[in-house]
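A.B. asks: I have a structure here, written as structure tokens, and I will follow up with some questions on it.
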Amino acid sequence: MSTAYQIVVCGSIVPDPLQTLEPMTSPTGPALKNEMMLPAVLDPWAGHALFEAANLAKHTPGSKVWLVALGPKAKLQQVMMTVAQKVPFELVALDGPASGFTDATETAAALADTIAAIPGLDKSKLLVFGGWESASRGAGATMQIVGERLGIVDQFQGVDQLTVNADGSLEMLERIEGGKHQVSKCAGAPALLGWATGNLPEPKNNPQVGMVNMRTVMPALQKAKPTKLAGEGLVFANVALPKQLRETLIVKDKSPDDIANEIVEWIKK
Amino acid sequence: METIIVLAHTENASSLAKPVREALHAAAMLHKSLAGSKLVVGLVGDNVQAAANSIAASPVTKYFGVTGADFAQSRYATDAAAAEAICKVAQATVVVAPATSRWARVLPGVAQRLGGRADTHVTGVAAADGKISVNRWYYRQRMESTQTRTQRPWIIGIDPGSQEPCGCGAGTASVEMVAVNLADAAKRTTVVGIREPKADAQTIRPDAQLLFVTGAGWTKKQADGQTHVPEAEKLILDFLKAARASLGSSKSLVDLGGEGQAVLPFLSHLNQIGQTGATPRHAKGLSTCCHGEEPHTVGWRFIGERRAISLDPNCGWARGKADVLYVADAFKVMAKVNELLTA
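Sequence lines, in order, name chains A and B. Straight run, no breaks: the first sequence in my numbering ends on number 269. Straight run, no breaks: the second sequence in my numbering ends on number 612.
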């Protein structure tokens with residue numbers, strides 16, 4: 001049995017993981033120093049979700065992928081120039097903060113309302129994808145709340161694999177403690193999957209895909225709805241970097257045997 | 270007046286995992302510092318009586334339970350229904366729960382159902398002047414905040430390993446059962462099993478004292494101009510066996526595997542340490558052949574004592590991040606370490 005899916009991926013931009021991040025206080029609460037200047041990328045786990053969605057759509061005729069992204073419009077546009085070349089999708093943009101300090105409930109409300117308003121959305125075909133948490137912001141709560149607001153009670157987090165069975169049921173591998181996976185079987189859509197790394201490599205840039213995507217990306221960015229997240233009821237007393245600098249002892253002149261002895265002694269201590 | 274509930278699920282044989290005792294400890298300390306508060310426990314599982322009994326000698330004044338075969342499974346729909354029902358009956362205003370994979374999947378959704386808020390990655394809970402605050406991590410352990418909330422119920426997910434476990438002993442607890450009527454729609458998902466490596470192939474050991482991290486250097490050309498991947502594999506696996514260590518890896522090393530290159534076959538993304546991997550908690554960590562940058566360093570946040578072996582004395586990861594950096598050939602050092610450990 002082949003089901004055409006409507007796959008909505010929630011994902012936004014984050015500072016490039018190689019950047020050093022430093023908190024500061026802004027008039028609206030904590031923020032990152034020079035946040036708008038930091039190079040941005042698509043959130044890595046959301047990226048995996050997008051690539052998995054595109055792969056599923058490719059193998060399930062009639063399926064379609066949307067990317068719902070909440071972030072500053074200008075930064076979204078920059079990142080989409082690259083992401084749009086990876087896989088086919090239709091962008092639905094929200095112009096608002098992509099800060100890690102925003103309240104997950106408010107972010108989820110904005111995303112869920114946007115998903116619900118996608119024209120022609122059929123809940124019986126709906127798969128909502130996203131990262132199991134942002135690989136930068138790391139709230140670990142947004143997707144679950146999006147699911148709740150959309151009335152989806154088949155939710156899976158830390159997903160590394162999705163298999164569509166011949167009878168239309170979905171089989172998921174979810175990360176659990178101790179390097180194990182829980183195997184779950186769900187009757188079918190609607191379902192929400194928060195992806196971990198998955199199994200797919202990042203697709204190579206394909207300019208043709210980029211050209212097709214950009215036809216919808218630019219209009220989507222132009223009509224991105226301004227979205228304000230007030231952080232109601234949440235008060236930050238302090239945000240700080242943990243002390244992490246250690247006095248490193250550099251040992252250069254010992255033989256491998258001496259080092260091994262020292263390490264074994266340390267391990268056994 | 271706050272009603273603090275510790276929400277827990279049972280494990281096999283109706284036992285409670287260590288993270289539950291840690292959450293109970295955090296909640297008990299909060300209860301102690303919050304005058305007039307109540308401390309109760311909610312348990313979900315096939316059978317919860319034994320679990321309640323195992324923590325009966327605690328300051329908890331009341332136990333609630335949702336039981337039955339439907340609640341034995343780690344499944345969103347049934348777990349959410351059970352947690353929601355317990356919180357409503359207990360009139361909980363503050364929910365302290367261990368951030369196990371099972372609860373992490375469900376608790377933010379429960380907060381949404383109850384009209385409350387959820388905070389994750391919490392490593393500290395305190396109260397002063399009647400006001401509750403939490404310490405939590407942002408940006409994947411890069412920065413830590415202290416914050417308060419006005420919304421209730423406030424669901425607080427405690428990171429496992431961040432608290433002392435409650436030493437409360439066993440006794441006999443009286444559990445008030447809470448009925449949950451499940452619609453058929455709540456049973457569309459079935460847990461069909463757990464997939465794990467064979468016992469002797471399991472390299473991830475959360476309870477190990479030592480984290481052993483391998484970097485891409487293990488697969489690079491060595492002084493003789495050749496790669497020595499089979500030798501590296503043996504050295505690493507022998508060490509894990511002898512030291513009972515948990516195996517971590519840099520992203521670059523596991524990515525090489527994903528790209529189809531012949532590298533260390535026992536490594537997967539589950540071993541990856543760092544921003545897009547795990548941030549495990551171990552007393553000690555030994556890094557080898559690793560040249561990790563900032564995203565990798567994030568994964569070491571909760572490792573106590575740190576040592577590294579690298580041929581590069583200016584290794585950006587080790588300098589300032591490790592306590593000791595041995596400038597040496599990890600192949601030679603680890604061969605001798607294995608010899609000493611198995612002697």
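Glycine residues also receive a C-beta, built at the ideal position from the N, C-alpha and C atoms.
Helix, strand or coil for residue 229 of chain A? Go by DSSP, reduced to three states.
C.D. replies: Counting from one through the first sequence, the residue named residue 229 of chain A turns up at place 229. Correct three-state label for residue 229 of chain A: coil.
A.B. asks: If the criterion is Cβ atoms closer than 7 Å, does the pair residue 198 of chain A and residue 539 of chain B meet it?
C.D. replies: For the purposes of this step, residue 198 of chain A is identified with residue 198 of the first sequence, where counting begins at 1. For the purposes of this step, residue 539 of chain B is identified with residue 270 of the second sequence, where counting begins at 1. Contact: no.
A.B. asks: Taking buried to mean at least 16 other C-beta atoms within 10 Å of its own C-beta, is residue 34 of chain A buried or exposed?
C.D. replies: Position 34 of the first sequence holds residue 34 of chain A. That one is exposed.
A.B. asks: Have a look at residue 373 of chain B and residue 453 of chain B and give me their C-alpha separation to the nearest angstrom.
C.D. replies: Start at 1 with the first residue of the second sequence, and residue 373 of chain B comes out as number 104. Start at 1 with the first residue of the second sequence, and residue 453 of chain B comes out as number 184. In a straight line, the C-alpha of residue 373 of chain B is about 24 Å away from that of residue 453 of chain B.
A.B. asks: Counting contacts by CB-CB distance shorter than 7 Å, is residue 556 of chain B in contact with chain A?
C.D. replies: Counting from 1 along the second sequence, the entry for residue 556 of chain B is found at position 287. For residue 556 of chain B, no Cβ of chain A is located within less than 7 Å of the residue's own Cβ.
A.B. asks: Which chain B residues sit within Cβ distance under 7 Å of residue 176 of chain A?
C.D. replies: One-based indexing of the first sequence puts residue 176 of chain A at position 176. Those within 7 Å of residue 176 of chain A in chain B are 370.
A.B. asks: Measuring straight from C-alpha to C-alpha, what distance separates residue 191 of chain A and residue 129 of chain A?
C.D. replies: Working through the first sequence from its first residue, we reach residue 191 of chain A at position 191. Working through the first sequence from its first residue, we reach residue 129 of chain A at position 129. Using only the alpha carbons, I get a separation of about 9 Å.
A.B. asks: Pick from B/363, B/387, B/369: whose alpha carbon is nearest that of residue 104 of chain A?
C.D. replies: Position 104 of the first sequence, counted from the first residue, corresponds to residue 104 of chain A. It is B/387.
A.B. asks: Please name the residues in the segment 178-190 of chain A whose beta-carbon is closer than 7 Å to at least one beta-carbon of chain B, in chain order.
C.D. replies: 178, 179, 180, 181, 182, 183, 184, 185, 186, 187
A.B. asks: Would you report the Cα separation of residue 600 of chain B and residue 581 of chain B, rounded to the nearest angstrom?
C.D. replies: Taking the second sequence and counting its residues from 1, one reaches residue 600 of chain B at position 331. Taking the second sequence and counting its residues from 1, one reaches residue 581 of chain B at position 312. Distance between the alpha carbons of residue 600 of chain B and residue 581 of chain B: 14 Å.
A.B. asks: Chain B beta carbons: is any one of them nearer than 7 Å to that of residue 21 of chain A?
C.D. replies: For this step, residue 21 of chain A is matched to residue 21 along the first sequence. Yes, residue 21 of chain A counts as interfacial toward chain B.
A.B. asks: If we count the other Cβ atoms within 10 Å of its Cβ and call it buried at 16 or more, is residue 461 of chain B buried or exposed?
C.D. replies: Against the second sequence, residue 461 of chain B aligns to sequence position 192. Classification of residue 461 of chain B: exposed, given that the 10 Å Cβ count is below 16.
A.B. asks: For the candidate residues B/404, B/385, B/477, B/291, whose alpha-carbon lies nearest to that of residue 419 of chain B?
C.D. replies: As a working mapping, residue 419 of chain B is identified with position 150 in the second sequence. Closest by alpha carbon: B/385.
A.B. asks: Can you list, in chain order, the stretches of the beta strand (DSSP E) that have 3 or more residues and sit fully within the segment 158-189 of chain A?
C.D. replies: 170-176, 180-186
A.B. asks: Closer than 7 Å, CB to CB, is residue 113 of chain A near chain B or not?
C.D. replies: Within the first sequence, residue 113 of chain A is the residue found at index 113, counting from 1. No, no contact with chain B.
A.B. asks: So what does residue 488 of chain B bridge to, in DSSP terms?
C.D. replies: Within the second sequence, the letter at position 219 stands for residue 488 of chain B. Note: residue 488 of chain B sits in no beta bridge, so no partner.
A.B. asks: Relative to the alpha-carbon of residue 32 of chain A, which residue among A/41, A/20, A/269 has its alpha-carbon at the smallest distance?
C.D. replies: Working through the first sequence from its first residue, we reach residue 32 of chain A at position 32. Comparing Cα positions, the closest option is A/20.
A.B. asks: Going by DSSP, name the residue or residues bridged to residue 335 of chain B.
C.D. replies: Counted from its first residue, the second sequence places residue 335 of chain B at position 66. According to DSSP, residue 335 of chain B bridges with B/313.
A.B. asks: First and last residue of the alpha helix (DSSP H) that includes residue 372 of chain B?
C.D. replies: In the second sequence, the residue the question calls residue 372 of chain B occupies position 103. 370-383 is the extent of the alpha helix (DSSP H) around residue 372 of chain B.
A.B. asks: Measure from the C-beta of residue 407 of chain B to each C-beta in chain E and report whether the shortest distance is under 7 Å.
C.D. replies: Considering every chain present, this structure includes no chain E. Its protein chains are A and B.
A.B. asks: If you compare alpha carbons, which of B/421, B/396, B/487 is closest to residue 383 of chain B?
C.D. replies: The sequence position of residue 383 of chain B within the second sequence is 114, counting from 1. Comparing Cα positions, the closest option is B/421.
A.B. asks: Whole angstroms are fine: how far does the CA of residue 201 of chain A sit from the CA of residue 483 of chain B?
C.D. replies: Position 214 of the second sequence holds residue 483 of chain B. Position 201 of the first sequence holds residue 201 of chain A. When rounded, the distance between both Cα atoms is 21 Å.
A.B. asks: CB-CB under 6 Å to residue 176 of chain A, same chain, minus the five flanking residues each way: which ones, in chain order?
C.D. replies: The sequence position of residue 176 of chain A within the first sequence is 176, counting from 1. Cβ neighbours of residue 176 of chain A beyond the five flanking positions: 182.
A.B. asks: In three-state terms, what does DSSP make of residue 302 of chain A?
C.D. replies: No answer is possible for residue 302 of chain A: it lies beyond the span of chain A, which begins at 1 and ends at 269.
A.B. asks: Check distances from the C-beta atoms of the segment 131-146 of chain A to those of chain B and list, in chain order, the residues that come in under 7 Å.
C.D. replies: 135, 136, 137, 138, 139, 140, 141, 144, 145
A.B. asks: Would you call the segment 492-499 of chain B and the segment 214-225 of chain A in contact, with 3 or more CB pairs under 8 Å?
C.D. replies: no
A.B. asks: Measure how close the beta-carbons of residue 551 of chain B and residue 480 of chain B come, nearest whole angstrom, since I'm counting them as under 8 Å.
C.D. replies: Indexing the second sequence from 1 puts residue 551 of chain B at position 282. Indexing the second sequence from 1 puts residue 480 of chain B at position 211. So it is a contact: roughly 4 Å between Cβ atoms.
A.B. asks: Just curious, the beta strand (DSSP E) that residue 400 of chain B is in, first and last residue?
C.D. replies: As a position in the second sequence, residue 400 of chain B is number 131, starting the count at 1. Segment 400-407, the beta strand (DSSP E) holding residue 400 of chain B.
A.B. asks: Give the residues of chain A in contact with residue 343 of chain B, contact being defined as C-beta atoms less than 7 Å apart.
C.D. replies: As a working note, residue 343 of chain B is residue 74 in the second sequence. By Cβ distance, chain A contributes 182.
A.B. asks: In chain order, what residues of the same chain lie with their CB nearer than 6 Å to the CB of residue 142 of chain A, ignoring the 5 residues before and after it?
C.D. replies: Working through the first sequence from its first residue, we reach residue 142 of chain A at position 142. Correct list, in chain order: 104, 107, 108.
A.B. asks: Assess contact between the segment 62-74 of chain A and the segment 3-16 of chain A, defined as three or more Cβ pairs (one per stretch) separated by less than 8 Å. Is contact present?
C.D. replies: yes
A.B. asks: For residue 603 of chain B, does the three-state DSSP call read helix, strand or coil?
C.D. replies: The residue labelled residue 603 of chain B in the question sits at position 334 within the second sequence. Here residue 603 of chain B sits in helix by DSSP.
A.B. asks: Which residues does DSSP list as the beta-bridge partners of residue 413 of chain B?
C.D. replies: Numbered from its first residue, the second sequence carries residue 413 of chain B at position 144. Paired residues: A/240, B/406.
A.B. asks: Within a Cβ cutoff of 7 Å, which residues of the same chain sit near residue 220 of chain A, ignoring the five residues on either side of it in sequence?
C.D. replies: Taking the first residue of the first sequence as 1, we reach residue 220 of chain A at position 220. Same-chain partners within the cutoff: 91, 92, 93.
A.B. asks: First and last residue of the alpha helix (DSSP H) that includes residue 105 of chain A?
C.D. replies: Residue 105 of chain A sits at position 105 when you count from the first residue of the first sequence. Run containing residue 105 of chain A: 104-116, per the alpha helix (DSSP H) assignment.
A.B. asks: For residue 86 of chain A, which residues from the same chain have a beta carbon less than 6 Å from its beta carbon, with the 5 sequence-adjacent residues on both sides left out?
C.D. replies: In the first sequence, the residue the question calls residue 86 of chain A occupies position 86. Correct list, in chain order: 203.
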